[in-house]
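Colleague: Using our numbering, count along the sequence shown one by one with no gaps and you end on 313. Below: one structure in structure tokens.
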Amino acid sequence: MNIIIFGAAGFIGKNLTLELARETGNTLILVDKKREFFSDIETFRFQNITIREDNFDEKSDFDEFLKGQDIVYHLVSTTVPTTSNQCISQELMANVIVTVHLFEACVRSNIKRIIFFSSGGTVYGKDIYCPIKEETPSYPINSYGLQKISIEKLLYLYHYMHGLDYQIIRLSNPYGPYQRPNGILGAITTFTYKALKGEEIIVYGDGSVIRDFIYIDDAIKAVRKIVEGKQIYHIFNLGCGYGTSIRDVLETISSTLKTDLKVTFKQGRKTDVPENYLDIGRYESCYGKLNPISLKQGISKTAAFMKKYYSI
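Shown next as structure tokens:
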């Protein structure tokens, strides 16, 4: 299978690459801004990957990238939930409009299927009932979620007009190896890193915020089942299917690593929905029980990776 991954140097992209590249029948093109972002992937010396540099913007030659490709993974986003809403018009141009150019090239190139990673949290908004089903109306409260749901609707439109096949993965809060512990995304990853370093952990709000956390290996395995399995639905929620509060996350990190945490609580943010966890019944009805590893196991695996990767 010829596969191209846009945004391949990110957290999800690297883990997806490691999974797909291990199968010699796959040939992968990895696309991101700079080749140096793939330095850790290159240590694996895969013979079936090609790395390409591109900014994923209006200058991108998508027709050239897509020549001979079967599957397209779209993982690119120029913003994250906590920093969106600042320059909404620019964010829409950089993400939605450029993605339209990609879809048009997919149609011209007869791409078999495009896989879009949406958001299991931000597309639904604030006034929701958990666990959240795929049919829940979408009322995003930040431009990140608005971008994601706009791209979802565009995929439906291009499927309707041109027959472009697609899958949408509404992923919750993945964590684990290769996620940057910089506090921008990934509470568990950031908290675990700071706990190992003995650094201050900043929590916005009182720790009662509830999220659906999934270890990245479980997420990638589920994605492969969705992409390679029988196509019944176009949209799937993907998470653990239950909620965990930030306070419980902190307590689990402390007990797993056997260390006291230095936690500072600050005023909550408007972009933080109080409670969000997903109903994964649609996925499990199609592909069987997800059976994700426990939070304690995931934190232990994440910590072990960090100790080696960052020489902690």
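The beta carbon of each residue, even a glycine, is placed where N, CA and C say it ideally should be. These numbers come from a predicted model, not from an experiment.
Skipping 5 residues on each side, what residues in its chain have a beta carbon closer than 6 Å to that of Pro178?
Modeller: Phe306
Colleague: What are the boundary residues of the beta strand (DSSP E) that includes Arg53?
Modeller: Ile50 to Glu54
Colleague: Going by C-alpha distance, which of Gln232, Tyr194 and Tyr176 is nearest Asp166?
Modeller: Distance check between Asp166 and each of Gln232, Tyr194 and Tyr176 places Gln232 closest, using alpha-carbon atoms only.
Colleague: Are the CB atoms of Asp280 and Ile133 within a distance shorter than 8 Å?
Modeller: yes
Colleague: Figure out for me which residue from Ser119, Ser61, Lys68 and Asp55 has the closest Cα to the Cα of His1.
Modeller: The structure shown does not extend to residue 1, since the chain spans only 2 to 313, so no value can be given for it.
Colleague: Taking all protein chains shown into account, do 16 or more other C-beta atoms lie within 10 angstroms of the C-beta of Gln91, making it buried, or fewer, making it exposed?
Modeller: exposed
Colleague: Quick check on Lys309: does DSSP put it in helix, strand or coil?
Modeller: helix
Colleague: Measure how close the beta-carbons of Ile1 and Ile98 come, nearest whole angstrom, since I'm counting them as under 8 Å.
Modeller: Residue coverage of the chain in this structure runs from 2 to 313, which leaves residue 1 outside it and unanswerable.
Colleague: Take the Cβ of Asp207 as the centre, count every other Cβ of all protein chains shown within 10 Å, and call the residue buried at 16 or more, exposed below.
Modeller: exposed
Colleague: Could you round the C-beta distance between Phe338 and Leu296 to whole angstroms and report it? I think they count as a contact, below 8 Å.
Modeller: Shown here, the chain extends from 2 to 313; a query on residue 338 therefore has no answer.
Colleague: So, is Lys195 buried or exposed, given that buried needs 16 or more other C-beta atoms within 10 angstroms?
Modeller: buried
Colleague: For Leu172 versus Gly121, is the C-beta distance shorter than 8 Å?
Modeller: yes
Colleague: Using the Cβ count rule (16 or more neighbours within 10 Å means buried), how would you classify Tyr311?
Modeller: exposed
Colleague: Thr265 lies in the alpha helix (DSSP H); which residues open and close that run?
Modeller: That residue, Thr265, is in no alpha helix (DSSP H); its beta strand (DSSP E) goes Lys263 to Lys267.
Colleague: Mind checking Gln48: buried by the 16 CB within 10 Å criterion, or exposed?
Modeller: Label assigned to Gln48: exposed.
Colleague: Beta carbon of Asp273: closer than 7 Å to some heavy atom of the ligand ZN?
Modeller: This structure simply doesn't include the ligand ZN, nor any ligand for that matter.
Colleague: Look up Tyr157 in the DSSP assignment and say whether it is helix, strand or coil.
Modeller: helix
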